[in-house]
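Novice:
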Amino acid sequence: MVMSSSLWTDNFHDFYVDREQERCIQCLVCVRQCPYEANVYREAAGVVDSVHKNCTGCHRCESLCPTRCITIRTNPSEFRPHANWQPREIKNIYKQARTGGVLLTSTGCELPYPNYFDRILIDACQVTNPSIDPLREPMELRTYIGRKPEKLEFERTETGEVRLKTEIAPQLKCEVPILFSAMSYGAVNLNFCEALAMTAKEVGTYWNTGEGGLHRKLYPYGDHTIVQCASGRFGVSKTYLGTSAAIEIKIGQGAKPGIGGHLPGEKVNRDISETRMIPVGSDAISPAPHHDIYSIEDLRQLIFALKEATDYEKPVFVKIAAVHNSAAIASGIARAGADAIVIDGFRGGTGATPLMIRDNVGIPIELAIAAVDDLLRAQGIRNEVSLIAAGGIRNSADVVKIIALGADAVYIGTAAKIAVGCTVCQRCYTGKCPWGITTNDPRLAKRLNVEIAAEQLTNLIHGWAHEIKEMMGLMGINAIESLRGNRERLRGVGLTDRELNILGIKHAGE
Amino acid sequence: MRYVIIGNSAAGVHAVEEIRKRDGEGEIVMFSREPYLAYSRPLITEFLFDGVPVRKMSYRDASFYRDNRVDLRLGVEVVEIDREKKEVLDSRGERTPYDKLLIATGGTPFVPPIKGGDRGGIFTMMTWDSAKAVKERLPKTKRAVVLGGGLIGMKTAEGIYEAGVPTTVVELAPQILGRILDRRGAEIFQDYLEKKGMEIITGDTVEEVVGESEVEAVRLRSGRVLECDLLIVAIGVVPNMDLAKKAGLQVNRGIVVNERMQTSDPDIYAAGDVAEAFDIVVKEKRVNAIWPVANRQGRIAGANMAGGEKVFTGEFPKNSLKLLGLEMISMGLVDSPDDSCQVITRDEGERYVYRKFIFKDGHVLGGIFVGEIDKAGIVTGMIKNGVRMNGNRERLLYGPPQLIYLDEEYREEKLTRPVVS
Amino acid sequence: MGCGLCLVACVVEHSKTKDILMAYKQETPRPTPRNVVEEGEEGACFSLQCRHCQEPDCVDACVNGALYIDNGVIKVNKDHCVACWMCVMACPYGCIYREEREGSWNSNKCDLCPGRDVPACVEICPNRALVYEER
Ligand SMILES: Cc1cc2nc3c(=O)[nH]c(=O)nc-3n(C[C@H](O)[C@H](O)[C@H](O)COP(=O)(O)OP(=O)(O)OC[C@H]3O[C@@H](n4cnc5c(N)ncnc54)[C@H](O)[C@@H]3O)c2cc1C
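Dropping the structure here:
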């Protein structure tokens, strides 16, 4: 791979650091805070200058500038308009012509594919069916994740008391139907993991280790931790599995369906190496498939191996990316003995993924959940698994809609990062996150104060929970259970019959 | 309870403060031979050329004595301590009983017998009065000689020189400022001062004062004759411990005290330039005749006299000096005592910048900052707290020292715990 | 995290106008911060200001009482200070600064922002790295 001169493309930068020099006091806060060196101090000239080409649009400098003299803008310089050859395409070609490499990016798909959440409206009660005031009436958000029995059987004991005869599979009790999705230690830092764990404990939900293992420091949060077992098996041990509330087998991820993962060796420091149980400095490579899973039967073996290792006390989840035949796969997973299926839509986030894959592979979570729920119901096995929807959930309305489409609960990842400062600059893969989230550089990681982050995350969950209760109230529903799969309360706008059909909802006006 | 304090300077003043923190009732009687409220002794040489306004020389004003209800007896000397009767006899023949006594009498310049030493125009520099006497004479002085190139000698030479009088320093040792600078540091200072126009002669001393009744010249050991009409003798200071000696208290080169500043008589304390207390760098008792130590010791004595519990954990030399604009700070040892020490230096003498640090077993024993002095106190703190500095020591040579160079443990301790000092 | 906003807050708080642009652009001499951000290797960094020791070495070293303790706060009377730098020599935190004002020098240090409930540096810190505690 030859690196050719970059000069001619350097000025075609994406962003532009607009600095009002009259307001700049040269305090150098921006210079100190930009990990990409987009703000520099020219000592000889005595001015703070911008290196636009380095700017990733993270807004860190703008947010901290005490005189508010910085505005980050998209570069106003334009190419000749062309519907096919958009600047994005042109610039990508330049990049590859220079490096010969794969284009890397982070977070979820950024292209304007139809967003079904934005084409679905929620129904409200008027006159004939009264709404419920959540401030006066109890509202139940508690959700249990896990396999539910087909029916309950009771028996009478010798003393004449009535007793439940049916054995109930292990359940995860979630006070809100919102869990934190898998973000591995290594991709994010320990501060962020700790903030997630603290929040999960505080609000009665769960966070997910991802495939990065569980740092010792977080063992005390085990009761609120979902531990992942991915194709690399990093950090998996009996203690790891035992220090959890649930176990998740990761087959796929929405941002990069069908491909593996790669944490470069430079990022594997001592702590990460200990947690992942690999040598310091060695690349952590997660193969694309699990090398021991080539069929539903193989998957079943792993599910039961994990259950066996944890005395059948913990629910086992299986996570897949939302793809064309998710429904059939989900049915297989349910039959393989999983307690919950996680489906990650194509807008799901990631720390690093090839751009082409992120933006061109997978399907929207809205369609996937609807299809999976439909098939499981049709096959009469919907009760055997819980469904967790992930990938691009942005607000409480998205939560309500996806639950009404058939999910039991949601995972949020990017929203959690945004709550602690992330501006979705999509440069997680550089390891230089200016907000101290997706970086293990101690200098940068320090920027994330665990206590503040946990407060912000807790606030976010509380806010969403409030809103969900409001929305349930206006639908006249007082328990989240009654919302699940309640597609009658949704209407589509501007959708084709085919889309409505898949989503299983009527069009607005019907 | 009656507290009697002999000496109204650094040590005495702080003893009063600490006594009053603990005892609002007791009587405090303070004697001073000098006729002034407490003033800053280190500033008397600035007075020679009005380097600082007189108001800034004040160390404590009248309200201090009023607020602390001090029975201040200015211009009165204590001539005897009667330990049997627990009273002191003063120069007016009055006896004052004490329950607790503090000797904070400081020191007196040592004046060796010199041939012709009875001529007029020979002064020392220890009190405001001595400075006033010198200042009065300056307008008719054509040339001054200062015998002794130590801290007091050099400051006096600066004062006289700044007042516009050509000045020559004569120092017996091969270098000036021997206590507070090493050879190289002194050389840099000497070069600086000579370029400014001060004359400095090392390795020589005054053997004879020549003149009818007043000084007209001095003859040096080398035979050289320096014409002058003012001679300052500043070759050293000896503790004022005659009172203690006569009273039978244990003395060595100063009055011997324990860590509570108590002398061999438990009701008598001593502090400041007169006391010999523990030095943590040389690890033995010695007189550290410097202002900060006098203050600290005064506090400790005062606290203990009033029933408190304060111990002196030891001190060491530390000095900040500015001569004709060149600044320096040094602390602890300035020369490596033996080969077991590691020495690092940065010598940019040509622009009057010099640094030197002495380490032993990972600890700093001493440091010199010439020219660039910012944050030098961090090194003082390292010596005081016996901090180990592992990492890259060379960093101390460049820029202001940083706390971050030190071990994290020490930093954490310093930055997160309540601080005494 | 080394952003240095505490330094800016200190300068503004101790400026004549208390206006950030005026303090930095118009006032001469520009007030200098009384705190510092130290940065080491491996990402260690912290903002440092006077710890207001109970038995301060700086006050004991001060030759003429320009440094004094007022209700637990160590203050410098700049009009009394003679710039002998005994405090610079003594402070184990390196938290006393030399300051030039209108051609003359004096020492300068944190005064815990009189008139404020919480010092300006603590208030501005975006990461709650600085905390203010009475001890
Ligand atoms: C010119 C000069 C410059 C100096 N510069 C520095 C410097 O830069 N840095 C530094 O750290 N130190 C400096 N010093 C030293 C510093 O001044 C002393 O360490 C300090 O003053 C000691 O304080 P003290 O209270 O122990 O005694 P002193 O200040 O000496 O006070 C003792 C007092 O007791 C009085 N007294 C003595 N005997 C009797 C008696 N029998 N009855 C009544 N009163 C009595 C004396 O007259 C005097 O007023 C300097 C000293 C001099 C003279």
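Residue numbers (our numbering), protein chains in the order written: chain A, 415 to 924; chain B, 14 to 434; chain C, 32 to 166. Beta carbons are placed, not taken as given, at the ideal position from N, Cα and C, and that holds for glycine. Note that the structure is predicted; figures quoted are calculated from it, not measured.
Please state whether DSSP places CYS938 (chain A) in a helix, a strand or coil.
Specialist: Because chain A is modelled from 415 through 924, residue 938 (chain A) falls outside the range shown and cannot be assessed.
Novice: Which first and last residues belong to the beta strand (DSSP E) in which TRP141 (chain B) is found?
Specialist: Counting from one through the second sequence, the residue named residue 141 (chain B) turns up at place 128. Run containing TRP141 (chain B): none in the beta strand (DSSP E); it sits in the alpha helix (DSSP H), 141-150.
Novice: Does the beta carbon of GLN464 (chain B) sit closer than 8 Å to a beta carbon anywhere in chain C?
Specialist: As displayed, chain B neither begins before 14 nor continues past 434, which places residue 464 (chain B) out of reach and without an answer.
Novice: Whole alpha helix (DSSP H) runs in the segment 287-370 of chain B with 4 or more residues, listed along the chain?
Specialist: 304-318
Novice: Distance check for VAL454 (chain A) and VAL445 (chain A), CA to CA, integer angstroms please.
Specialist: Residue 445 (chain A) sits at position 31 when you count from the first residue of the first sequence. Residue 454 (chain A) sits at position 40 when you count from the first residue of the first sequence. Looking at the two C-alpha atoms, the distance is approximately 5 Å.
Novice: Would you list the residues sitting across from MET43 (chain B) in a DSSP beta bridge?
Specialist: For the purposes of this step, residue 43 (chain B) is taken as the residue at position 30 of the second sequence. Partner residues in the beta bridge of MET43 (chain B), as assigned by DSSP, are B:ILE18, B:LEU85.
Novice: In three-state terms, what does DSSP make of ILE248 (chain B)?
Specialist: Here the question's residue 248 (chain B) lines up with position 235 in the second sequence. Coil.
Novice: Per DSSP, what are the beta-bridge partners of ILE734 (chain A) in this structure?
Specialist: Translated into positions along the first sequence, residue 734 (chain A) becomes position 320. DSSP, once it has assigned bridges, lists A:ILE757 as partnering ILE734 (chain A).
Novice: May I ask which residues mark the beginning and end of the alpha helix (DSSP H) holding PHE202 (chain B)?
Specialist: Your numbering for residue 202 (chain B) matches position 189 in the second sequence. That run of the alpha helix (DSSP H) goes 196-209.
Novice: Span of the beta strand (DSSP E) holding THR181 (chain B)?
Specialist: Residue mapping note: residue 181 (chain B) aligns to position 168 of the second sequence, counting from 1. Here the beta strand (DSSP E) through THR181 (chain B) covers 180-184.
Novice: Of the choices A:GLY624, A:LYS565, A:THR519, A:ASN603, whose alpha-carbon is the least far from that of GLY794 (chain A)?
Specialist: Position 380 of the first sequence, counting from 1, holds the residue named residue 794 (chain A). It is A:LYS565 whose Cα lies nearest to the Cα of GLY794 (chain A).
Novice: Please report the distance separating the alpha-carbon of VAL380 (chain A) from that of CYS76 (chain C).
Specialist: The requested residue 380 (chain A) does not occur in the structure, where chain A is confined to residues 415 to 924.
Novice: Give a yes or no on contact between the segment 700-707 of chain A and the segment 644-655 of chain A, applying the rule of three or more CB pairs nearer than 8 Å.
Specialist: yes
Novice: Quick one: does the C-beta of MET138 (chain B) sit closer than 7 Å to a heavy atom of ligand 1?
Specialist: Locating residue 138 (chain B) in the second sequence gives position 125, counting from the first residue. Yes; taking the cut-off as 7 Å, the Cβ of MET138 (chain B) has a heavy atom of ligand 1 nearer than that.
Novice: Measure the C-alpha to C-alpha separation of MET415 (chain A) and GLN510 (chain A) and round it to an integer number of angstroms.
Specialist: Numbered from 1 along the first sequence, position 1 holds the residue referred to as residue 415 (chain A). Numbered from 1 along the first sequence, position 96 holds the residue referred to as residue 510 (chain A). Caution is warranted here: a pLDDT of 48 is assigned to MET415 (chain A), below 50, making its placement in the model unreliable, and the coordinate value is therefore given only provisionally. Pairing MET415 (chain A) with GLN510 (chain A), the inter-Cα distance amounts to about 11 Å.
Novice: For GLN275 (chain B), name the three-state secondary structure that DSSP assigns.
Specialist: In the second sequence, the residue the question calls residue 275 (chain B) occupies position 262. Of the three classes helix, strand and coil, the one that applies to GLN275 (chain B) here is strand, per DSSP.
Novice: Between ALA144 (chain B) and PHE60 (chain B), which are expected to be in contact by the criterion C-beta below 8 Å, what is the C-beta distance as a whole number of angstroms?
Specialist: Sequence index remark: in the second sequence, residue 144 (chain B) carries index 131 (1-based). Sequence index remark: in the second sequence, residue 60 (chain B) carries index 47 (1-based). Indeed, because the Cβ distance is near 5 Å, the residues count as touching under 8 Å.
Novice: Can you tell me whether DSSP reads GLY380 (chain B) as helix, strand or coil?
Specialist: One-based indexing of the second sequence puts residue 380 (chain B) at position 367. Note: GLY380 (chain B) maps to strand in three-state DSSP.
Novice: Could you compute how far the alpha carbon of ARG898 (chain A) sits from the alpha carbon of GLY820 (chain A)?
Specialist: Taking the first residue of the first sequence as 1, we reach residue 898 (chain A) at position 484. Taking the first residue of the first sequence as 1, we reach residue 820 (chain A) at position 406. Using only the alpha carbons, I get a separation of about 5 Å.
Novice: Less than 7 Å between the CB of VAL383 (chain B) and some heavy atom of ligand 1, yes or no?
Specialist: Residue numbering aside, residue 383 (chain B) sits at position 370 when the second sequence is read from its first letter. Every heavy atom of ligand 1 is 7 Å or more from the Cβ of VAL383 (chain B), so no.
Novice: If you run the structure through DSSP and keep just helix, strand and coil, what is GLU924 (chain A)?
Specialist: Within the first sequence, the letter at position 510 stands for residue 924 (chain A). Of the three classes helix, strand and coil, the one that applies to GLU924 (chain A) here is coil, per DSSP.
Novice: Is ILE57 (chain B) a contact residue of ligand 1, with contact defined as CB to any heavy atom under 7 Å?
Specialist: Your numbering for residue 57 (chain B) matches position 44 in the second sequence. Yes - ligand 1 has a heavy atom lying nearer than 7 Å to the Cβ of ILE57 (chain B).
Novice: Return the CA-CA distance between GLU3 (chain B) and MET120 (chain C), expressed in angstroms with no decimal places.
Specialist: In the structure as shown, chain B starts at 14 and stops at 434, and residue 3 (chain B) therefore has no counterpart that could be examined.
Novice: Report yes if the C-beta of THR118 (chain B) is less than 7 Å from at least one heavy atom of ligand 1; otherwise report no.
Specialist: Along the second sequence, one-based indexing puts residue 118 (chain B) at 105. At least one heavy atom of ligand 1 is nearer than 7 Å to the Cβ of THR118 (chain B), so yes.
Novice: With a cut-off of 8 Å on the beta carbons, I'd call ALA51 (chain B) and ASN21 (chain B) a contact; round off their distance for me.
Specialist: Here residue 51 (chain B) is taken as the residue at index 38 of the second sequence, counted from 1. Here residue 21 (chain B) is taken as the residue at index 8 of the second sequence, counted from 1. Going by Cβ atoms, the distance from ALA51 (chain B) to ASN21 (chain B) rounds to 5 Å, so yes, they are a contact pair.
Novice: What does PRO856 (chain A) touch in chain E if you count any residue whose Cβ is under 7 Å from its own?
Specialist: In the structure shown, chain E cannot be found, because the protein chains are A, B and C.
Novice: Taking 8 Å as the threshold, find out whether the segment 163-175 of chain B comes into contact with the segment 238-248 of chain B through three or more Cβ pairs.
Specialist: When Cβ pairs closer than 8 Å are counted between the two stretches, the segment 163-175 of chain B is seen to touch the segment 238-248 of chain B, the count reaching three or more.
Novice: Please identify the residue among A:GLU727, A:GLU688, A:GLY666 whose C-alpha is closest to the C-alpha of SER740 (chain A).
Specialist: Mapped onto the first sequence, residue 740 (chain A) falls at position 326. Here the closest residue by C-alpha is A:GLY666.
Novice: With DSSP as the reference, please indicate the residues paired to PHE568 (chain A) in a beta bridge.
Specialist: By 1-based counting over the first sequence, the position of residue 568 (chain A) is 154. PHE568 (chain A) pairs with A:LEU578.
Novice: What are the residues of the segment 859-871 of chain A that lie near chain C, defined by any Cβ-Cβ distance shorter than 9 Å?
Specialist: ALA859, LYS860, ARG861, LEU862, ASN863, GLU865, ILE866
Novice: Considering only residues of the same chain and omitting the five flanking positions on each side of TYR163 (chain C), which have a CB-CB separation below 7 Å?
Specialist: Counting from one through the third sequence, the residue named residue 163 (chain C) turns up at place 132. Counting only Cβ-Cβ distances below 7 Å, and skipping sequence neighbours, we find VAL149, PRO150, VAL153.
Novice: Leaving out five residues before and five after ALA750 (chain A) in sequence, what residues of the same chain have Cβ atoms less than 8 Å from its Cβ?
Specialist: Residue 750 (chain A) sits at position 336 when you count from the first residue of the first sequence. Within the same chain, ALA750 (chain A) has close Cβ partners ILE710, GLU711, LEU713, ARG714, ILE717, VAL732.
Novice: For PHE493 (chain A), does the count of other Cβ atoms within 10 angstroms reach 16, so buried, or fall short, so exposed?
Specialist: Residue 493 (chain A) sits at position 79 when you count from the first residue of the first sequence. Residue burial annotation: PHE493 (chain A) is exposed, with fewer than 16 other C-beta atoms found within 10 angstroms of its C-beta.
Novice: Chain C beta carbons: is any one of them nearer than 8 Å to that of CYS836 (chain A)?
Specialist: Here residue 836 (chain A) corresponds to residue number 422 of the first sequence, with the count starting at 1. Taking Cβ atoms only, chain C never reaches closer than 8 Å to CYS836 (chain A), which makes this a no.
Novice: At what residues does the beta strand (DSSP E) containing ASN453 (chain A) begin and finish?
Specialist: Within the first sequence, the letter at position 39 stands for residue 453 (chain A). Looking at the DSSP string, the run of the beta strand (DSSP E) that includes ASN453 (chain A) is 453-456.
Novice: How about ALA170 (chain B) and MET139 (chain B): are their beta carbons less than 8 Å apart?
Specialist: Residue numbering aside, residue 170 (chain B) sits at position 157 when the second sequence is read from its first letter. Residue numbering aside, residue 139 (chain B) sits at position 126 when the second sequence is read from its first letter. Result no, Cβ atoms of ALA170 (chain B) and MET139 (chain B) do not sit closer than 8 Å.
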